[in-house]
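Numbering (this note's numbering), first residue to last: 23 to 229. Remarks on the structure that follows.
Okay, here's the thing in C-alpha cells:
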C-alpha cells in the first residue's frame, strides 16, 4: 500500500518514474543505485498492480485507527486510475496505445469504486442533512469536516503533538501576524491574478 501510494503521488507530478520494486543494498555500485526511469504507462500499471496486491493483503477493517484497510487501497486505486486515464495526461503514452490505456484505467477505477460502494462500509455524510431544511443542510456541511466518526472517512491522516505535527497553519497565516513561518505558502502569479484588489500596471499585470 505504501509503495503504491508513494508511486502514485510521484507519478502525478513527474509522469514516468524509476520503479524501485526491490530492496537495493546500500552502499552499492552506481549501476545498482541508478534505476532508469520507466514510461508513464509502465508506472501506472505498477501502481495498479501494487494497489491490487495491497487489497489482497490488507484486512477489511483497520487494525488501528489511521491505518489503511482493503477498502482504503481500493479507494486510492480508483482515484489513481481516474487520474491516469484523464485525456490531457497521457503525455507519456504511445499514441497508438493511449486510448486503450485510458479505457483500461477507467475500467479499473470503476471496478475498485464499485467494490467499496457495495461493501456498505462507507457512505456520504448526511447525519443532519434534510431535503427541506437549508439550515440543516448548512450544519451538515459544517459538521462533515470535523466529525471523526463520519462515514465518509476512509483513511484519515492523524496528527498528535508533539510527535506527529504539521506546520500548515503557520505557513498559511497572513504576514500581518509577523510569525517567522508566516506567509510560507506561495500561490502562483496566475492564481493571484484571478483576484481584484491589487495595484496593476497599464497592461493589467500586477504591480
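All C-beta atoms in this analysis are idealised placements derived from N, C-alpha and C, irrespective of residue type, glycine included.
- Distance from the CA of residue 99 to the CA of residue 224, rounded to the nearest whole angstrom, comes to 48 Å.
- Per DSSP, the continuous alpha helix (DSSP H) segment holding residue 131 begins and ends at 120 to 141.
- The beta carbon of residue 94 lies closer than 6 Å to those of 176, 177 in the same chain, with the five residues before and after it left out.
- DSSP places residue 171 in the coil class of the three-state scheme, outside both helix and strand.
- Put simply, the stretch 121 to 130 does not touch the stretch 138 to 149. Fewer than three CB pairs are less than 8 Å apart.
- Comparing alpha carbon positions, the residue from 165, 65, 92, 216 closest to residue 105 is 65.
- Judged by beta-carbon spacing, residue 72 lies beyond the 8 Å limit of residue 134, meaning their Cβ atoms are not closer than that value.
- Contact check for residue 208 and residue 192: beta-carbon distance about 14 Å, past the 8 Å limit, so the pair fails to qualify.
- For residue 211, the uninterrupted alpha helix (DSSP H) run begins and ends at 211 to 214, by DSSP.
- A straight-line Cα-Cα distance of about 23 Å links residue 29 and residue 50.
- Between the C-alpha atoms of residue 146 and residue 88 there is a straight-line separation of about 19 Å.
- If you draw a straight line from the Cα of residue 82 to the Cα of residue 172, it comes to about 18 Å.
- Spanning the alpha carbons of residue 60 and residue 38 requires a straight line of approximately 5 Å.
- Here DSSP, grouped into helix, strand and coil, assigns residue 195 to coil.
- Burial check for residue 31: the Cβ neighbour count within 10 Å stays below 16, so the residue is exposed.
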